[in-house]
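> Here you go, one structure.
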Amino acid sequence: MALLSPDENGDRGRRTATKGAEAVVVEETELAALLPAVARGDKVAFKRLYDATAPKLFGIALRLLRKRDHAEDTLQEAFLSVGTDSLKKNSAKGAVFAWIAMIVRNKALDRARRVVRRAEVQSEDAAAIQLAVAGCDALTRIDEDGHDVRRCYSLLPDSVRDIIGLAFFEGFTHEELAERFRAPLGTIKGRVRKGLALLKECLSR
Amino acid sequence: MNEELDFVAGEYVLGTLSGEERARVASEAAIDSALMAAIDAWQRRLAPLISAGPVEVPTRVWARIEAEL
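So the sequence lines, in the order shown, correspond to chains H and V. One point on numbering: in the working numbering, the residue at position 100 of the first sequence is 100, and numbering is uninterrupted. One point on numbering: in the working numbering, the residue at position 56 of the second sequence is 56, and numbering is uninterrupted.
Laid out in structure tokens, this is it:
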């Protein structure tokens with residue numbers, strides 16, 4: 001898919017990246033090709049990187065924050081640090097999308113702990129969150145060492161996987177998990193650590 | 001590898017820590033290279049699991065980013 005081909009003008013790129021959600025595919029090789037230019041301060045390349053990744057990143061932030069305005073602010077913060085850190089990233093190995101996605105996650109979690117109360121979702125945010133939760137399988141599945149972290153996640157015992165999933169995808173804290181599962185905090189913390197240990201063990205095989 | 005340190009790093013990346021705990025781990029990681037390395041390792045492990053469906057982003061977001069470039 002030529003989402004980011006050099007002869008493509010910016011307008012067409014923007015429409016491609018933000019129209020029908022299902023049309024968006026994040027092409028890792030094309031992102032990697034853009035990074036050197038982004039690191040040199042090329043604004044056209046930076047805009048292309050944004051167009052190609054922002055809708056999915058917005059979905060990630062929405063799932064964690066459950067509020068559109070906070071998700072927008074998070075995306076803005078994340079891209080400004082992508083611009084600053086692209087030089088460092090350009091010389092390091094690893095997938096570009098995963099790198100940006102982790103920046104978005106970190107900023108979303110910081111914000112969630114700082115300002116957002118996990119209150120009722122506002123109706124104007126509900127549809128967007130629904131979109132973000134639906135169709136999340138299009139991302140790259142295999143990590144750098146060729147292990148499949150999704151497979152390892154799916155192999156977790158149910159009682160552990162539910163907890164790890166709510167924490168990772170929806171941003172639940174230990175306390176929020178204890179409330180949700182009506183379980184003592186210590187039990188929840190134990191299951192989280194069991195999940196982490198099982199994932200690490202599975203990925204090291 | 002210090003097992004407690006590795007679990008804390010995993011909890012940080014997974015996102016289960018409270019605001020206070022999260023801020024404390026972040027500031028410790030800035031001066032503790034072993035903790036930083038453990039966080040980095042967990043980010044690499046879990047990054048491929050990150051997922052969400054794409055949602056249309058309002059054009060004002062790019063406008064705000066561009067204004068700060």
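Beta carbons: idealized from backbone N, C-alpha and C, even for Gly.
With a threshold of 16 other CB atoms inside 10 Å of the CB of H/Thr-84, please say whether the residue is buried or exposed.
H/Thr-84 comes out exposed.
> At a Cβ cut of 8 angstroms, what residues of the region 169 to 184 of chain H count as close to chain V, listed as they run along the chain?
Correct list: Phe-169, Gly-171, Phe-172, Thr-173, His-174, Glu-175 and Leu-177.
> Where does H/Asp-148 fall in DSSP's three states?
It is a strand residue.
> Comparing the C-beta of V/Ala-30 with each C-beta of chain H, is any distance below 9 angstroms?
Taking Cβ atoms only, chain H never reaches closer than 9 angstroms to V/Ala-30, which makes this a no.
> At a Cβ cut of 7 angstroms, what residues of the region 33 to 57 of chain H count as close to chain V, listed as they run along the chain?
Cβ contacts with chain V: Lys-43, Tyr-50, Ala-54, Pro-55 and Lys-56.
> Kindly indicate the opening and closing residues of the alpha helix (DSSP H) around H/Asp-180.
The sequence shown places Arg at residue 180 of chain H, not Asp. That run of the alpha helix (DSSP H) goes 174 to 181.
> How is the alpha helix (DSSP H) around H/Gly-59 delimited, first residue to last?
Segment 43 to 65, the alpha helix (DSSP H) holding H/Gly-59.
> Examine chain H for any beta-carbon lying closer than 9 angstroms to the beta-carbon of V/Arg-24, and answer yes or no.
Not one chain H Cβ lies under 9 angstroms of V/Arg-24.
> Could you check if H/Leu-185 is buried or exposed, using at least 16 other CB atoms within 10 Å of its CB as the buried criterion?
With fewer than 16 other Cβ atoms within 10 Å, it is exposed.
> Tell me which residues share the same chain as H/Ser-86 and place their Cβ nearer than 7 angstroms to its Cβ, disregarding the 5 neighbours each side in the sequence.
Taken in chain order, the residues that qualify are Leu-35, Val-38 and Ala-39.
> Give the residues of chain V in contact with H/Arg-191, contact being defined as C-beta atoms less than 7 angstroms apart.
The premise fails here: H/Arg-191 is roughly 10 angstroms from chain V at the closest Cβ pair, so nothing lies under 7 angstroms.
> Would V/Leu-69 count as contacting chain H if we go by Cβ distances under 9 angstroms?
Chain H contact via Cβ: present.
> Between V/Ala-37 and chain H, is the shortest Cβ-Cβ distance under 9 angstroms, so that the two count as touching?
Chain H, which has no Cβ nearer than 9 angstroms to the Cβ of V/Ala-37, makes this no.
> Consult DSSP for H/Gly-83 and reduce its assignment to one of helix, strand or coil.
Three-state result, H/Gly-83: helix.
> Spatial neighbours of V/Asp-6 within its chain, please: CB distance less than 6 angstroms, with the 5 preceding and 5 following residues excluded, ordered by chain position.
Within the same chain, V/Asp-6 has close Cβ partners Ala-38.
> Should V/Ala-47 be flagged as near chain H, meaning a C-beta pair shorter than 9 angstroms?
For V/Ala-47, the answer is yes, since a Cβ of chain H falls inside 9 angstroms of its Cβ.
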